[in-house]
Structures are given as structure tokens and as C-alpha cells.
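Written below as C-alpha cells is the structure these notes are about.
Number of protein chains: 2
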Amino acid sequence: MDVKKVFLSEDEMPRQWYNILADIKMNPPLGPDGNPVQPDQLAPVFPMNLIEQEVSSERWIDIPEDVLRVLRIWRPAPLIRAFELEKALDTPARIYYKYEGVSPPGSHKPNTAVPQAYYNKVFGIKHLTTETGAGQWGSALSFACSQYGLECKVFMVRVSFDQKPYRKSMMTAWGGKCVASPSTETKAGRDVLERNPDTPGSLGIAISEAVEAAVSDQSGQTRYSLGSVLNHVLLHQTIIGLEAKKQLEKIGEYPDIVIGCAGGGSNFAGIAYPFVYDKINGKELEIYPVEPAACPTLTCAPFAYDHGDMAGYTPLLPMHSLGHTFVPAPIHAGGLRYHGKAPSVSQLVAEGIIEPKAVKQLAAFEAGVLCAKTEGTIPAPETNHALACVVDEARKAKEEGKEKVILFNWSGHGLIDLGSYDKYFAGELHNFDFDEEDREKCCKLLEDYPKPQLIKNR
Amino acid sequence: MDVKKVFLSEDEMPRQWYNILADIKMNPPLGPDGNPVQPDQLAPVFPMNLIEQEVSSERWIDIPEDVLRVLRIWRPAPLIRAFELEKALDTPARIYYKYEGVSPPGSHKPNTAVPQAYYNKVFGIKHLTTETGAGQWGSALSFACSQYGLECKVFMVRVSFDQKPYRKSMMTAWGGKCVASPSTETKAGRDVLERNPDTPGSLGIAISEAVEAAVSDQSGQTRYSLGSVLNHVLLHQTIIGLEAKKQLEKIGEYPDIVIGCAGGGSNFAGIAYPFVYDKINGKELEIYPVEPAACPTLTCAPFAYDHGDMAGYTPLLPMHSLGHTFVPAPIHAGGLRYHGKAPSVSQLVAEGIIEPKAVKQLAAFEAGVLCAKTEGTIPAPETNHALACVVDEARKAKEEGKEKVILFNWSGHGLIDLGSYDKYFAGELHNFDFDEEDREKCCKLLEDYPKPQLIKNR
Numbered sequence: 001m002d003v004k005k006v007f008l009s010e011d012e013m014p015r016q017w018y019n020i021l022a023d024i025k026m027n028p029p030l031g032p033d034g035n036p037v038q039p040d041q042l043a044p045v046f047p048m049n050l051i052e053q054e055v056s057s058e059r060w061i062d063i064p065e066d067v068l069r070v071l072r073i074w075r076p077a078p079l080i081r082a083f084e085l086e087k088a089l090d091t092p093a094r095i096y097y098k099y100e101g102v103s104p105p106g107s108h109k110p111n112t113a114v115p116q117a118y119y120n121k122v123f124g125i126k127h128l129t130t131e132t133g134a135g136q137w138g139s140a141l142s143f144a145c146s147q148y149g150l151e152c153k154v155f156m157v158r159v160s161f162d163q164k165p166y167r168k169s170m171m172t173a174w175g176g177k178c179v180a181s182p183s184t185e186t187k188a189g190r191d192v193l194e195r196n197p198d199t200p201g202s203l204g205i206a207i208s209e210a211v212e213a214a215v216s217d218q219s220g221q222t223r224y225s226l227g228s229v230l231n232h233v234l235l236h237q238t239i240i241g242l243e244a245k246k247q248l249e250k251i252g253e254y255p256d257i258v259i260g261c262a263g264g265g266s267n268f269a270g271i272a273y274p275f276v277y278d279k280i281n282g283k284e285l286e287i288y289p290v291e292p293a294a295c296p297t298l299t300c301a302p303f304a305y306d307h308g309d310m311a312g313y314t315p316l317l318p319m320h321s322l323g324h325t326f327v328p329a330p331i332h333a334g335g336l337r338y339h340g341k342a343p344s345v346s347q348l349v350a351e352g353i354i355e356p357k358a359v360k361q362l363a364a365f366e367a368g369v370l371c372a373k374t375e376g377t378i379p380a381p382e383t384n385h386a387l388a389c390v391v392d393e394a395r396k397a398k399e400e401g402k403e404k405v406i407l408f409n410w411s412g413h414g415l416i417d418l419g420s421y422d423k424y425f426a427g428e429l430h431n432f433d434f435d436e437e438d439r440e441k442c443c444k445l446l447e448d449y450p451k452p453q454l455i456k457n458r
Numbered sequence: 001m002d003v004k005k006v007f008l009s010e011d012e013m014p015r016q017w018y019n020i021l022a023d024i025k026m027n028p029p030l031g032p033d034g035n036p037v038q039p040d041q042l043a044p045v046f047p048m049n050l051i052e053q054e055v056s057s058e059r060w061i062d063i064p065e066d067v068l069r070v071l072r073i074w075r076p077a078p079l080i081r082a083f084e085l086e087k088a089l090d091t092p093a094r095i096y097y098k099y100e101g102v103s104p105p106g107s108h109k110p111n112t113a114v115p116q117a118y119y120n121k122v123f124g125i126k127h128l129t130t131e132t133g134a135g136q137w138g139s140a141l142s143f144a145c146s147q148y149g150l151e152c153k154v155f156m157v158r159v160s161f162d163q164k165p166y167r168k169s170m171m172t173a174w175g176g177k178c179v180a181s182p183s184t185e186t187k188a189g190r191d192v193l194e195r196n197p198d199t200p201g202s203l204g205i206a207i208s209e210a211v212e213a214a215v216s217d218q219s220g221q222t223r224y225s226l227g228s229v230l231n232h233v234l235l236h237q238t239i240i241g242l243e244a245k246k247q248l249e250k251i252g253e254y255p256d257i258v259i260g261c262a263g264g265g266s267n268f269a270g271i272a273y274p275f276v277y278d279k280i281n282g283k284e285l286e287i288y289p290v291e292p293a294a295c296p297t298l299t300c301a302p303f304a305y306d307h308g309d310m311a312g313y314t315p316l317l318p319m320h321s322l323g324h325t326f327v328p329a330p331i332h333a334g335g336l337r338y339h340g341k342a343p344s345v346s347q348l349v350a351e352g353i354i355e356p357k358a359v360k361q362l363a364a365f366e367a368g369v370l371c372a373k374t375e376g377t378i379p380a381p382e383t384n385h386a387l388a389c390v391v392d393e394a395r396k397a398k399e400e401g402k403e404k405v406i407l408f409n410w411s412g413h414g415l416i417d418l419g420s421y422d423k424y425f426a427g428e429l430h431n432f433d434f435d436e437e438d439r440e441k442c443c444k445l446l447e448d449y450p451k452p453q454l455i456k457n458r
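So, in C-alpha cells, the structure goes:
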């Protein structure tokens, strides 16, 4: 029998992260005064060691031993050949995936939660605050904080807080404190509740609450933590692609196509950036970030300067954005409902190094169920978007009669999101079309902001 | 850094199961006439190839290639050193666990669901029926059936069906059909509903429904499948202990103590029997099956002949039993709420080769939360019982100043059972004392049955 799973031993685990900022130039984030943000302006929000990482242009950054100690609870993650899916699709393509569902919270998120908790701990921080939508990020940070003895407070969007009680249970099991947002604990939350006591909440409000809770702690021992978008977050995720590269080398393979679903962009960057490095250096391959058709940031929105949050507290980031006031349709891939995309992902799209794809909700679940029945594992709704693209490419390979090698990231399992599968089987899920009115509104909103320069890195 | 996880490559996976019936003599199961049950009497319920395995006394039984193909979706499972737990307990013991939560349904159950589906398929069977309590077994069999193209129907105890909707979702995702029991689909179910329309159901009723649904299918293409207790089920689980042995050998270790939680006994047998073989052959080590103090089959009940189900449809099995009418207290480890124990486990206890332990519910959850915060993974409530025993033994090793090697089976993750953790944190869980009245009732019930002979295998 051909090998299904390729393992690395712990001593083969990557010892450094790959920093794409060594290889691409980008527009800088801008402060309220319109000038590039300086590191010390971020000091009330993040610890200085992470801010240094955020702006570093070193290509390789050492992973601290005490981070490796925790990552190895589940890493190196397996690389798995999707034999049964290939058979079901009768495709000549060879399909491989990294499986990130082996982490305790069940997704790729702890790859950055762990180093973020570590660097905060080293900097003398005692408490972290964050927001979470569907709950993957909040549970990952709670897990990471439990490993380093930090306190963790998570502001969870109220509608998810009510719909997904198990996410709160996970956070509690790891000692994290999870509160529904908007809450009465912050001014931002109280203001919203006063205006609209029945609000379902939003990621934008939750971010405002988490940032306020961090910066308003007079002891100076609290900081804020973000689960995607920023450079250092994407950096930490590159361990996925670096492992995958080693594992493929072991069996003499190299991908023709690399695929990852993309919300803020960290999961996609994690699998893809080590291969983007190769592409920048002349290698021929296709690299696809996959987003929901209902929230088509990379495929429909302009490359512009925009805020990361709804309230406009964050610096202006150079990114593809649907506008910071855009409220994505209620698709079940909560991790992909974000108006923007990481600046580095946006830059790579803007200059055509990577090619974004958009997938509709029903096609995503159809692919997810096919994979559950063939490969066995029930995928997270976010992963289903990558799977739909994989299925498309495998069918294309069949039509073209080509033995393509496809690599994708299976970002997590769907065991806490089984409710969305129930709705799919009951015929209660449907597709959401992206609204042309929304696009016009977005373009109008972004008109007044500075425009990023077109930078060519190839 | 010392290695945390010991992997085996796929070509190091065991190619044979270990059959303890080669090494211990047991009392035979008895039919309604009081005589030993003959294989052909079981033919309407199980396929003949599995019945042959049930009565085989070959020590090593080959694992078919097409079973290995499916098992390798998640096997070999990792052996993990519990460094962080050791540190938290400040123990000189070295603690290792096999982690079975890596399987798609999240427990050890598919180790036997997969070969059972395979042997039924090979025998020409098209449909399998089974019952499930908490849902681990029903989801494992649905997964296995999806891999071999069989239809699967699961009768799920109504109270669990209502309380754990995600279990039904998992079964549905794999194409299984899950109905609440008692149902109107069987005579057994209709009879119960007529007498008591509001019954919460029981495992005993669900077994009767599943067996009736199998044997009443006139096409002859339906059989019944059981998730524990029987010899062939325990046989299939020995891959856990066989892998663990290889993994420990790789790092030059051998256990002083082997621990597994025990409901019907298959999880315990899976980790323990390859080491029981060593013990029978003169090796010195302790082997502990751990059961709930609220359902103390091995620690309080007589070794007797009793039925496996409440209605008394099954043959009389020689086992430790609380009596087939015993209804265990509503502890949250649903997989451990069974009145009997596998005959081979019972035989080993009866002659003192293994030593059972009982653990109270709160001690189990306390150990589970400690492990979630140290080792990261949130354990299944069943696993928590093994963990409480591990914690006790690690503390004892500290008191005695001994560098003991402890091996246990982490039978599954608790992500579908997080509701029980919520109750624990809310202070809503409590201990259940075993009722002396129940014991008297049990002894009285079993008085009229044949008595097993005392057999000595050492």
C-alpha cells in the first residue's frame, strides 16, 4: 500500500518561521495623522517583542524553545494523501492535505496563539484580551494562555455566544473567561447596549471592547491579541507550509497547486507562503486563496486603505476591503466573515502572484460532505471552502488528463459546528449573492481614504 | 528536549490482532436451554466470519489489508508523554498515553467498527443495525459503514438523542440513519411506547430494537453490530496496546502500571491485553480497569451468569454483573453505564490477574480538568475515570519516591460532551453512591442463574 500519512518526528519540526516581509515590499499602515504608524504607537496594545516581529524584515525568525515545547503537543501535524477522495472523483490528480484539526482546540489557530501568549509572558504581561466570532480563535487563545499561566478574557459576539455554547465551555475548561459582546464591562459595549439593547453584536464591536479592556488596565499588565491579518500572526502560521514542504520532499513530491481558505488570511498564508517564496524565486505553480462568494474581499473589492475594525480604531491598512462597515451575510463559516484581508495577502493578489477564488455556501458544504464520507474527517465550514476549490481542480485535472499535485490546508474539524451540517441536510442553507449595492457603498466609503501605491515585487 | 510524541510509520502498524482466548480458558456462554451456545445459533444476528472470530482460539489473527487501509486514516495513533501533567503533580513517575481521539469520530470505537463493517461487507451484508447510548458507538459505526458502502441504522436512547443532537449530526454526515429509541419501527419499541409514551429509553430497549430490526429483515442482508463486551470486539481493540508496546520499546520503556477505563471493557482490553499476555507469562506489572463508583461492576458485583441486555434476549454470559435490570445512575460518562463487563475482563478479575478500581464522578472531572489545563486536550468523561486513577498512582509514586512508568489509554476527546464540563463548573455534578439495596437486588436476581466455574489460568 502507498503511504497515506507522512509524519515528521519532533526533531524534524521547523525551528524558524518564514517571514514574507523579507521578500515583498508593502505599503505601510497609516496612523490617524496619515503618516506611517511608528512601533511605539502600538505599545499600549501589543508587547514590544511582538511589535518588533510585526515590522521585522528578517527572512527567518527563530521559534523559541518554550514555544516548540507547547507546539509539539500536536505538531508536527500529519500530511495526508486523500486517496479516497481521489477515487471518488476518479481524478489523475494526487491530493495532499495538512491536517490542522489535531490541535486541542481543533484548528490552526493555536499556531499563533501559543507564540503570542509566550511573547506576552516573556514581556511581563499577566492578562490577555481578545475578541472571537465563531469561537475558534477565543478557544485557541484560552488554551495557549493556560499553557503559560496567563489570564485570558474573550469578548465573544453575542449571537455566536448564544448559538455555540460549546465554544464557551472549551474556553472555560482551559481557564479562560468568555463574555458575550457587547458587554457592560467596557464603555464601547455599554454605549452600544444603550442604543440597541437587543443587538446580536459584531466582530467590530467585540474588537473595540477587547482593545479598550486591554489599554484601559492601569497596571500595564494587560495586552490585546489578534488572531489574523497582522504580519506576526501570518508569520507564526508558516510552520504549516514549512512542515508540508519537508513532508512532500520525503516522498519526492512538489505541488502544482496550493490551496487554502481565507478569512483574514492567516490560514491561507500558513500553508502558502513557503511556496510563495518559491514562486517569487522563479518556480512555476498556482496558489489559490479561497473566500466565500458572500464575502468576496479578494475577488470583488478594491485594493485600498481601510480600517481593520468597524469603529475605525485601528490604523489604516493597505488591503483588499469590502469596507469596514460591511456586514457579511450570515454564512456558517464564521471564520471567513471579515471585510478585509491581511495586507501581505492583498499585496500578493494585487500584483498577481496568487489568484483568489470565491465559493458559494452550498458548493462548500457539498464538498465537505463528500470529504467526510471519503476521507472520514468532518471538516470545519471554513475548510469546506478550500475543499470546493480542491474538488474543482481535481475535476479539471481529469478533464485535462493531467497528473497534477494539489496541496491544501484542512484548517480544522467541524465537530463544534455540526449544527451547520444539520441545516445543510435539512435544506435550510442557501447561497448569498454579493450585493452590487454593497460594492458601490464600499467604493464610496473608501474614496476618501489614501490610495496604496502599486508595488511590483516580481 | 525529550521526545513528547512517539509515532510509528504506517509500515510499522501491527498486522495482526492479539486474541486472549489463546491464553485463558473461560466459561462458555449459555443458550436458553442452559447448554453452551453453538455458533450457528448466532447466525441470524452476526455474519459467520465474525462468529468464527468470536470463538477462535488462535493467538494471532491477521488484520485484512482492506481494514488496514481504513484504519490508517488515523492509525498508528500517537503515544504521548504527559510531561506537563507530571510537572503539575511533581511526580517521579513517567506517564505515557495512547491518544485515540485522533479518529474521525473522536474515540477508540472505530477500531472495531471498521473491521465489523468490513467482515459484514465481505459476507454479503448490505445493512447494519446497532444501538447507541451516548453516541460514540453509533457515530463510529456510521463512519465505518460509509467507508464500505453499507447502510447503517442506529437506535439511540431517547434521552441522549435529545440531549446530544451533535451525535446524530455526525451519524447523518456519514450517511447513517439515527432514530430515537424506543421507536415505532420495531415491535419491541412499540410495546414500550404503548406502556409508557414518555419513557426516556434505555440501552436495554435500544439493543432489543436493533436486534429485532436485524433479524426480522427477510432479505437476509441485515445484521446487528455490537460495540463492546464480545470477544471479537475486544480482539479488534488490541491494536491499541500492540502499537503502544512497539512505541515504548522504541524509547526503551516498559510499563509498571497499565490503566484503562472500563464500561463494557473493550477500551480497557485494547490497551491492556497485550500486557496481560506478558503478565500471564511471568512479567511483573499492575493492570487496572477503572469503572465509575456509581456502576461498580467489577469492584462490587458477583461473577455470575447474566444476560447482556435488559430484556434477556442475549445468551447468558459469564461475567461480573450488577444484574441486567440494574439502571446505572445518570453519570455523564455514558460509555461506562453498563451493568456487566466483558467475559474475558471478568475472568481476569475473578482470578486476580488484573485489579479493578472505582472512581467517583467529581474526582474524574477534577482529573479531567487538570489534564485539559496541562496536556491541552479536553478528555471524554469516560477517559476522566482513567485519568483519576493515573493521578492517584502518580501521587503514590511521589510518596514512595519511585520512578514508575504508567501507561494509560486516552480513549477519546470530550468535544461533543462539553455540556458535562459546563455542569461540572457550575457545581451541578455530584457523586452517586452505589446503593446497597441495588446490590442485594442484583444478588437475588442472579441467584436463579447457573454459576460459572472458577477457572485458574495461572
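Chains U and B, in that order, give the protein sequences. The numbers in this note's numbering rise by one with no breaks, and the one at position 203 of the first sequence is 203. The numbers in this note's numbering rise by one with no breaks, and the one at position 359 of the second sequence is 359. Backbone N, C-alpha and C fix where the C-beta goes; we use that ideal spot for every residue, glycine too. Since the structure is predicted, the reported quantities are computational estimates derived from the model, not experimental observations.
Element boundaries [beta strand (DSSP E), containing U/Phe408] = Indexing the first sequence from 1 puts residue 408 of chain U at position 408. Element bounds for U/Phe408: Val405 to Trp410.
Between U/Lys373 and B/Phe268, what straight-line distance do the alpha-carbon atoms span, to the nearest angstrom?
-> Taking the first residue of the first sequence as position 1, residue 373 of chain U is located at position 373. Taking the first residue of the second sequence as position 1, residue 268 of chain B is located at position 268. U/Lys373 and B/Phe268 have their C-alpha atoms spaced approximately 29 Å apart.
Can you tell me whether DSSP reads B/Phe155 as helix, strand or coil?
-> One-based indexing of the second sequence puts residue 155 of chain B at position 155. The three-state secondary structure of B/Phe155, taken from DSSP, is strand.
Anything in the stretch 144-156 of chain B with a Cβ closer than 9 Å to a Cβ of chain U? List those residues in chain order, please.
-> Cβ contacts with chain U come from Ser146 and Gln147.
Report yes or no: do the stretch 237-250 of chain U and the stretch 123-139 of chain U share at least 3 C-beta pairs separated by less than 8 Å?
-> The answer is no - the stretch 123-139 of chain U does not touch the stretch 237-250 of chain U, with fewer than three Cβ pairs under 8 Å.
Cut-off 8 Å between Cβ atoms - residues of its own chain near B/Pro450, not counting five sequence neighbours on either side | Counting from one through the second sequence, the residue named residue 450 of chain B turns up at place 450. Here B/Pro450 has Leu30, Gly34, Tyr305 and Leu316 as same chain residues with Cβ atoms under 8 Å from its own Cβ, once five neighbours each way along the sequence are excluded.
Given that a residue counts as buried once 16 or more other Cβ atoms are within 10 Å of its Cβ, and exposed if not, what is B/Tyr254?
-> In the second sequence, counting from the first residue as 1, residue 254 of chain B sits at position 254. Of the residues assessed, B/Tyr254 falls on the exposed side of the cut-off, its CB having fewer than 16 other CB atoms within 10 angstroms.
Distance, B/Cys371 Cα to U/Pro105 Cα | Translated into the one-based positions of the first sequence, residue 105 of chain U becomes position 105. Translated into the one-based positions of the second sequence, residue 371 of chain B becomes position 371. Roughly 14 Å between the two C-alpha positions.
According to DSSP, what are the bridge partners of B/His127?
-> As a position in the second sequence, residue 127 of chain B is number 127, starting the count at 1. BP columns for B/His127 point to B/Glu151 and B/Thr222.
Between which two residues does the alpha helix (DSSP H) containing U/Leu316 stretch?
-> Counting from 1 along the first sequence, the entry for residue 316 of chain U is found at position 316. U/Leu316 -> not in any alpha helix (DSSP H); beta strand (DSSP E) instead, spanning Leu316 to His320.
Could you name the residues of chain B that U/Ala459 contacts, counting a contact when the two beta carbons are closer than 9 Å?
-> The structure shown does not extend to residue 459 of chain U, since chain U is modelled only from 1 to 458, so the question has no answer here.
Cβ-based contacts, 9 Å cut-off: residues of the stretch 362-379 of chain B near chain A = Here the protein chains are U and B, and chain A is not one of them.
Inside the stretch 237-297 of chain B only - beta strand (DSSP E) runs reaching at least 3 residues = If you keep only unbroken beta strand (DSSP E) runs of at least 3 residues inside the stretch 237-297 of chain B, you get 257-261 and 286-292.
Should the stretch 88-96 of chain U be called in touch with the stretch 402-412 of chain U, which here means at least 3 C-beta pairs below 8 Å?
-> Below 8 Å, enough C-beta pairs join the stretch 88-96 of chain U and the stretch 402-412 of chain U to call them touching: three or more.
If we cut at 8 Å on Cβ distances, does B/Met26 have a partner in chain U?
-> Stepping through the second sequence from its first residue, residue 26 of chain B is reached at position 26. Residue-level contact check: B/Met26 does not touch chain U, since none of the beta carbons of chain U fall below 8 Å from its beta carbon.
Enumerate, from N- to C-terminal direction, the unbroken beta strand (DSSP E) stretches of 3 or more residues contained entirely within the stretch 13-78 of chain U.
-> Note on the stretch 13-78 of chain U: whole beta strand (DSSP E) runs with a minimum of 3 residues are 16-18 and 60-62, in chain order.
Where do the N-terminal and C-terminal ends of the alpha helix (DSSP H) with B/Ser344 fall, by residue?
-> Within the second sequence, the letter at position 344 stands for residue 344 of chain B. Note, B/Ser344: alpha helix (DSSP H), Pro343 to Ala350.
7 Å CB neighbourhood of B/Ala244 in its chain, flanking five on each side removed | Translated into the one-based positions of the second sequence, residue 244 of chain B becomes position 244. So the qualifying residues of the chain are Leu79, Lys98, Ile271 and Leu407.
Alpha carbon to alpha carbon, what distance is there between U/Ala293 and B/Leu203?
-> Here residue 203 of chain B refers to the residue found at position 203 of the second sequence. Here residue 293 of chain U refers to the residue found at position 293 of the first sequence. For B/Leu203 and U/Ala293, the gap between their C-alpha atoms comes out near 46 Å.
Does the beta carbon of B/Lys246 come closer than 8 Å to any beta carbon on chain U?
-> What you label residue 246 of chain B is simply residue 246 of the second sequence in a count that begins at 1. Not one chain U Cβ lies under 8 Å of B/Lys246.
Roughly how many angstroms separate the alpha carbons of U/Arg461 and U/Ala311, rounded to a whole number?
-> For chain U, the structure presents residues 1 to 458; residue 461 of chain U sits outside this window and is missing.
Output, in sequence order along the chain, the residues in the stretch 105-119 of chain U whose CB is closer than 8 Å to any CB in chain B.
-> Correct list: Gly106.
So the beta strand (DSSP E) B/Arg458 belongs to, where does it begin and stop?
-> Taking the second sequence and counting its residues from 1, the one referred to as residue 458 of chain B is at position 458. No beta strand (DSSP E) holds B/Arg458; DSSP gives it neither H nor E.
Span of the alpha helix (DSSP H) holding U/Phe365?
-> Position 365 of the first sequence holds residue 365 of chain U. Annotation: the continuous alpha helix (DSSP H) that includes U/Phe365 extends over Gln361 to Thr374.
How about U/Met170: is its C-beta nearer than 8 Å to some C-beta of chain B?
-> The residue you call residue 170 of chain U lines up with position 170 of the first sequence. Closer than 8 Å to some Cβ of chain B, the Cβ of U/Met170 qualifies, so yes.
Paired residues, beta bridge with U/Gly340 - DSSP | Residue 340 of chain U sits at position 340 when you count from the first residue of the first sequence. Note: U/Gly340 sits in a beta bridge opposite U/Ser321.
Give the DSSP bridge partners of B/Thr132, in chain order.
-> What you label residue 132 of chain B is simply residue 132 of the second sequence in a count that begins at 1. DSSP lists B/Met156 as partners of B/Thr132.
Taking the CB atoms as reference points, tell me whether B/Ala262 and B/Leu298 lie closer together than 8 Å.
-> In the second sequence, the residue the question calls residue 262 of chain B occupies position 262. In the second sequence, the residue the question calls residue 298 of chain B occupies position 298. Yes, they are a contact pair.
CB of U/Phe434 within 8 Å of CB of B/Phe7, strictly = As a first step, residue 434 of chain U must be located in the first sequence, where it is residue number 434. As a first step, residue 7 of chain B must be located in the second sequence, where it is residue number 7. At the C-beta level, U/Phe434 and B/Phe7 stay beyond 8 Å of one another.
Do you know offhand how far B/Trp74's Cα is from U/Ile455's?
-> Here residue 74 of chain B is taken as the residue at index 74 of the second sequence, counted from 1. Here residue 455 of chain U is taken as the residue at index 455 of the first sequence, counted from 1. So the two alpha carbons sit approximately 45 Å from each other.
Please list the partners that U/Lys4 has in chain B, where partner means a Cβ-to-Cβ separation under 9 Å.
-> Taking the first sequence and counting its residues from 1, the one referred to as residue 4 of chain U is at position 4. Taking a Cβ-Cβ threshold of 9 Å, the residues of chain B close to U/Lys4 are Glu10, Arg69, Arg72 and Ile73, in chain order.
Should B/Met48 go down as buried or exposed, given a rule of 16 or more other Cβ atoms within 10 Å for buried?
-> In the second sequence, the residue the question calls residue 48 of chain B occupies position 48. Exposed, by the Cβ-count rule.
Pull up the CB-CB distance for U/Met26 and U/Gln347, whole angstroms please, since I reckon it's below 8 Å.
-> In the first sequence, residue 26 of chain U corresponds to position 26, counting from 1. In the first sequence, residue 347 of chain U corresponds to position 347, counting from 1. Going by Cβ atoms, the distance from U/Met26 to U/Gln347 rounds to 5 Å, so yes, they are a contact pair.
Partners in chain U for B/Ala173, counting only beta-carbon separations shorter than 7 Å = Locating residue 173 of chain B in the second sequence gives position 173, where the first residue counts as 1. Taking a Cβ-Cβ cut-off of 7 Å, the neighbours of B/Ala173 in chain U comprise Val369, Ala372, Ile378 and Tyr421, given in sequence order.
From the DSSP output, in three-state form, read off U/Asp96 for me.
-> Locating residue 96 of chain U in the first sequence gives position 96, counting from the first residue. Inspection of the sequence shows that residue 96 of chain U is occupied by Tyr rather than by Asp. Reduced to three states, the DSSP call for U/Tyr96 is strand.
For B/Ser411 versus B/Glu366, is the C-beta spacing smaller than 8 Å?
-> The residue you call residue 411 of chain B lines up with position 411 of the second sequence. The residue you call residue 366 of chain B lines up with position 366 of the second sequence. No, these two residues do not count as a Cβ contact at 8 Å.
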